[in-house]
Amino acid sequence: MKIGDKKMKILLSNGSIVLPDKIFRGELLIEDSKIGYLGQKIEENTIFENLDAEIDCESKYIFPGIIDPHVHLRDMKQKYKETVETGTKAAINNGVTSVFTMSNTVPRLSTPEFIRNYQKKIEKNIYCNVGIYGNISTGFNFNLMQDLKQLGIYGIKIYPGDTSSLFLLDWSPMLDIYRILKGNFPDNNVDPKLVKIQFDEYFSVMINKKNFEEKTSNWRKLFKRAAELNIPILLHTDVPILKIDREKEFNERVECGENLLNAHSQIYSKYQELVHILFTFEILKNIKNENVAESNKEKELNVIPSMRFCHVSCPESVELIKLLSNELNNQEFEIEVSPHHLFLNYSDVNPEKKTHAKVLPPLRSREDMMHIQKLFLSGAFSFIGTDHAPHTTAEKNDTFFAAPAGFPSLDIYVPFFLTKIIDGFSSFQDFVKYASLYPAKHLKMKRKGILEENYDADLFVLKEVPPYQIEPKSFYSKSKLSPYNLDNIKVVVEQVFLDGKLVVTKDKKILKANKILKKYLDKPIGKLFLPT
Numbered sequence: 277m278k279i280g281d282k283k284m285k286i287l288l289s290n291g292s293i294v295l296p297d298k299i300f301r302g303e304l305l306i307e308d309s310k311i312g313y314l315g316q317k318i319e320e321n322t323i324f325e326n327l328d329a330e331i332d333c334e335s336k337y338i339f340p341g342i343i344d345p346h347v348h349l350r351d352m353k354q355k356y357k358e359t360v361e362t363g364t365k366a367a368i369n370n371g372v373t374s375v376f377t378m379s380n381t382v383p384r385l386s387t388p389e390f391i392r393n394y395q396k397k398i399e400k401n402i403y404c405n406v407g408i409y410g411n412i413s414t415g416f417n418f419n420l421m422q423d424l425k426q427l428g429i430y431g432i433k434i435y436p437g438d439t440s441s442l443f444l445l446d447w448s449p450m451l452d453i454y455r456i457l458k459g460n461f462p463d464n465n466v467d468p469k470l471v472k473i474q475f476d477e478y479f480s481v482m483i484n485k486k487n488f489e490e491k492t493s494n495w496r497k498l499f500k501r502a503a504e505l506n507i508p509i510l511l512h513t514d515v516p517i518l519k520i521d522r523e524k525e526f527n528e529r530v531e532c533g534e535n536l537l538n539a540h541s542q543i544y545s546k547y548q549e550l551v552h553i554l555f556t557f558e559i560l561k562n563i564k565n566e567n568v569a570e571s572n573k574e575k576e577l578n579v580i581p582s583m584r585f586c587h588v589s590c591p592e593s594v595e596l597i598k599l600l601s602n603e604l605n606n607q608e609f610e611i612e613v614s615p616h617h618l619f620l621n622y623s624d625v626n627p628e629k630k631t632h633a634k635v636l637p638p639l640r641s642r643e644d645m646m647h648i649q650k651l652f653l654s655g656a657f658s659f660i661g662t663d664h665a666p667h668t669t670a671e672k673n674d675t676f677f678a679a680p681a682g683f684p685s686l687d688i689y690v691p692f693f694l695t696k697i698i699d700g701f702s703s704f705q706d707f708v709k710y711a712s713l714y715p716a717k718h719l720k721m722k723r724k725g726i727l728e729e730n731y732d733a734d735l736f737v738l739k740e741v742p743p744y745q746i747e748p749k750s751f752y753s754k755s756k757l758s759p760y761n762l763d764n765i766k767v768v769v770e771q772v773f774l775d776g777k778l779v780v781t782k783d784k785k786i787l788k789a790n791k792i793l794k795k796y797l798d799k800p801i802g803k804l805f806l807p808t
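Next up, the structure:
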């Protein structure tokens with residue numbers, strides 16, 4: 277059977293087909309780029325005639341392609357860390373058929389020119405579908421937001437401290453609140469309701485409220501324009517404290533005997549995460565109040581943009597977002613969880629991998645990790661995003677404070693997570709929901725995220741195998757390291773289909789996809805591609 281060079285009629289037979297609500301044994305027929313049939317095999321059905329190939333999936337599972345809404349593909353001036361080619365190869369090899377790459381590249385994706393240049397690079401070098409986000413940094417111009425939209429960005433990611441000389445975002449109100457209130461809360465015992473009470477007390481002083489409204493005028497302007505254009509806002513929730521101040525506190529904690537990862541968790545504390553969330557909601561409340569004052573009911577429907585709280589690291593943040601959502605008339609907000617906050621904590625990491633486990637937001641305590649797991653099982657999160665963040669081994673082996681935050685995930689995301697499920701955590705069906713279906717819905721991708729007739733044939737075949745070890749040196753990513761224990765992996769991805777083409781085979785040969793996910797202003801829902 278030839279692979280990749282043409283669309284074919286391929287039958288996947290006798291497989292266990294994984295849907296969000298059930299697993300059943302049946303047949304899946306790929307016709308051209310779509311799923312032509314899904315169900316039990318009917319012998320007299322002519323749809324099964326004239327097959328190009330049949331793959332026996334006995335004792336194997338068939339999953340929809342995984343959609344990862346949060347990766348860093350780097351490239352450009354950081355191609356020594358990762359390229360769009362190596363990152364997407366790592367993805368497709370393990371059944372991740374669509375990824376959405378963050379905008380803190382070098383240069384950042386903050387202008388139409390930077391975005392076009394990045395898209396050109398992507399078109400030629402990718403192995404899975406790729407979508408991109410924009411950024412507020414050098415060259416960002418508020419008046420060009422519609423241009424960014426038309427270029428096909430899936431949102432604007434805001435990192436702590438982000439701003440532009442052409443459009444200033446003032447972070448001083450957040451810093452003021454943090455400094456005034458931070459002494460009231462111990463390191464590991466932050467009650468979100470109490471934090472909110474003190475936050476509200478701060479704003480009960482009229483001068484504080486007035487100063488906040490004046491200094492955050494551009495924030496309101498940005499959010500309202502994003503709502504008008506249907507551009508989601510993505511937030512990395514943290515306080516932009518000076519690096520020198522963090523380093524001073526870090527060294528003091530380490531000198532007092534704290535675990536390196538614990539000290540890291542405290543200098544990027546839960547409280548900082550909560551302050552950023554409260555800061556954002558105060559701005560949104562002010563937007564709502566302005567709108568009510570204008571008495572413009574038609575406008576009121578579209579003044580708050582879609583908001584995503586990325587890689588939420590602690591249960592208190594989830595509780596606070598839910599609480600504040602109720603205050604905004606049950607406004608829905610996306611809450612993303614990353615695998616490392618589900619399965620890693622600062623106490624149990626291999627001592628030799630401390631710097632490899634450094635990440636932002638940081639790993640929290642074992643108790644926090646277990647609470648995050650319970651929240652995941654209860655349906656508190658919107659979807660999973662890996663935050664695949666590759667760095668070189670030399671960088672990650674530097675002294676702890678100097679080492680960059682983040683580590684690669686795409687090479688191990690699917691086999692590691694599904695092994696956790698085999699070991700008793702969650703279910704294959706829930707994984708399909710949070711790793712495929714829900715990302716597709718939130719990103720408004722038509723015909724993706726689920727195995728269903730007439731949906732795109734993005735899928736993979738999985739086999740349970742005796743336990744084996746994944747060696748980071750085998751990663752397709754340029755980043756050959758991992759903080760995870762990869763000694764007992766129990767599944768392997770055998771085949772991957774993208775757009776109806778077999779792009780990964782059991783011998784792991786991989787073919788390029790050459791597609792960029794794109795949204796247009798006149799078609800805000802669905803998936804389109806740049807010309808190839």
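For the sequence shown, the working numbering begins at 277 and goes up steadily by one.
Note that beta-carbon positions come from the ideal geometry of N, C-alpha and C, so glycine has one too.
Touching by the beta-carbon criterion (3+ pairs, under 8 angstroms), the segment 434–444 and the segment 471–489: no
Mapping DSSP to helix, strand and coil, what is residue 434? strand
For residue 706 and chain C, any beta-carbon pair shorter than 8 angstroms? The structure shown has no chain C; it contains just one protein chain.
One question on the structure: do residue 309 and residue 776 come within less than 8 angstroms of each other, judged by their Cβ atoms? yes
Contact under 8 angstroms by Cβ, residue 754 with residue 666: yes
Measure from the alpha carbon of residue 679 to the alpha carbon of each residue in 702, 685 and 671, then state which is nearest. 671
Identify the continuous alpha helix (DSSP H) that holds residue 714 and give its terminal residues. 714–718
Buried versus exposed call for residue 403 [16 or more other C-beta atoms within 10 Å across all chains shown]: buried
Counting only runs that start and end within the segment 349–435, where is the alpha helix (DSSP H) found for 4 or more residues in a row? 360–369, 388–401 and 421–427
Across which residues does DSSP place residue 344 in a beta bridge pair? 375
For residue 798, which of helix, strand or coil comes out of DSSP? Per-residue confidence for residue 798 stands at a pLDDT of 25, beneath the threshold of 50, marking its modelled position as unreliable; the derived number appears in the next sentence. Note: residue 798 maps to coil in three-state DSSP.
Cα-Cα separation between residue 620 and residue 590, rounded to whole angstroms: 12 angstroms
For residue 505, which residues from the same chain have a beta carbon less than 8 angstroms from its beta carbon, with the 5 sequence-adjacent residues on both sides left out? 421, 422, 425 and 797
Looking only at its own chain, which residues have a Cβ that is under 8 angstroms from the Cβ of residue 472, when we skip the five neighbours before and after it? 554, 596, 599 and 600
Alpha helix (DSSP H) segment containing residue 694, residue limits: 689–698
Give me, in chain order, the residues of the same chain whose beta-carbon lies closer than 8 angstroms to that of residue 702; leave out the 5 immediate sequence neighbours on both sides. 652, 653 and 696
Out of 479, 551, 684 and 307, state which residue places its alpha-carbon closest to the alpha-carbon of residue 350. 684
Within a Cβ cutoff of 8 angstroms, which residues of the same chain sit near residue 328, ignoring the five residues on either side of it in sequence? 277, 284, 285 and 286
How big is the Cα-Cα spacing for residue 365 and residue 384? 23 angstroms
Which same chain residues, not among the five before or five after residue 337, have their C-beta less than 6 angstroms away from its C-beta? 292, 294 and 738
Below 8 angstroms, can you find three or more Cβ-Cβ pairs linking the segment 354–370 to the segment 302–318? no
Since I believe residue 387 is in contact with residue 416 (beta carbons under 8 angstroms), could you give me their beta-carbon distance rounded to a whole number of angstroms? 7 angstroms
DSSP three-state assignment for residue 290, whether helix, strand or coil: strand
Considering only their Cβ atoms, is the gap separating residue 430 from residue 809 smaller than 8 angstroms? Nothing about residue 809 can be reported from this structure: the residues present for the chain run from 277 to 808 only.
In angstroms, rounded to a whole number, what distance separates the CA positions of residue 806 and residue 718? Note on residue 806: pLDDT 30, under 50, position unreliable in the model; no value is reported.
How should residue 838 be labelled, buried or exposed, when 16 other C-beta atoms within 10 angstroms of its C-beta is the threshold for buried? Lying before the first or after the last residue shown, residue 838 is absent from the chain, which here runs from 277 to 808.
With a floor of 4 residues, list each alpha helix (DSSP H) that falls wholly inside the segment 452–500, ordered by position along the chain. 468–479 and 482–491
Where residue 664 sits in the DSSP three-state scheme: strand
Pick helix, strand or coil for residue 622, following the three-state DSSP scheme. coil
Classify residue 628 as helix, strand or coil using the three-state DSSP reduction. helix
In this structure, does DSSP put residue 612 in helix, strand or coil? strand
If you run the structure through DSSP and keep just helix, strand and coil, what is residue 645? helix
Which word fits residue 785, buried or exposed, when buried means at least 16 other C-beta atoms lie within 10 angstroms of its C-beta? exposed
With DSSP as the reference, please indicate the residues paired to residue 768 in a beta bridge. 739
Can you name, in chain order, every residue of its own chain whose Cβ lies under 6 angstroms from the Cβ of residue 457, other than the five neighbours on each side? 474
Below 8 angstroms on the Cβ atoms is my guess for residue 342 versus residue 733; work out the distance and round it to an integer in Å. Wrong, their Cβ atoms sit about 14 angstroms apart, outside the cutoff.
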